[in-house]
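A.B. asks: Heads up: take any position in the sequence shown, counting from 1, add 20, and you land on our numbering.
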Amino acid sequence: MAKKDDDTAETRLARLILALRSQGVSEPAVLGAIETTPREAFTPDLFKERAFEDSALPIACGQTISQPYIVGLMSQALKV
21 MAKKDDDTAE TRLARLILAL RSQGVSEPAV LGAIETTPRE AFTPDLFKER AFEDSALPIA
81 CGQTISQPYI VGLMSQALKV
């Protein structure tokens with residue numbers, strides 16, 4: 021999900037939520053948490069523009085921030 025010149029954070033987030041819904045993440049509480057958590061706050065500056073992609077991104081110490089789909093799927097499976 022590459023950033024386009026006319027994209028805003030809101031449109032990229034909306035596309036991500038639609039993609040997650042199409043992959044079966046449908047629990048309103050899970051989608052709401054993903055919508056309200058500023059994923060870009062947890063990514064290095066180099067990757068902030070990619071924060072709304074449905075992919076894992078590198079963070080500090082050789083770790084990654086998980087792909088939103090995986091986070092949504094696991095959270096939904098918890099049924100909390």
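Ideal Cβ placement from N, Cα and C applies to all residues, glycine included. None of these values were measured; they are calculated from a predicted model.
What does I85 pair with, by DSSP beta-bridge criteria?
C.D. replies: L77
A.B. asks: Rank P64, R41, I37 by C-alpha distance to the C-alpha of G82 and give the top, closest one.
C.D. replies: P64
A.B. asks: Under a Cβ-count criterion, where at least 16 other Cβ atoms within 10 Å of its own Cβ denotes burial, should P88 be classed as buried or exposed?
C.D. replies: buried
A.B. asks: Decide if I54 is buried, meaning its Cβ has at least 16 other Cβ atoms within 10 Å, or exposed.
C.D. replies: buried
A.B. asks: Verify whether the separation of the beta carbon atoms of L38 and F72 is less than 9 Å.
C.D. replies: no
A.B. asks: Whose CA, out of I85, S95, S75, lies closest to the CA of L36?
C.D. replies: S75
A.B. asks: Assuming the contact rule is C-beta atoms closer than 8 Å, P78 and F67 should be a hit. Round their C-beta distance to whole Å, please.
C.D. replies: In this structure, P78 and F67 form a Cβ contact; the two beta carbons are roughly 7 Å apart against a cut-off of 8 Å.
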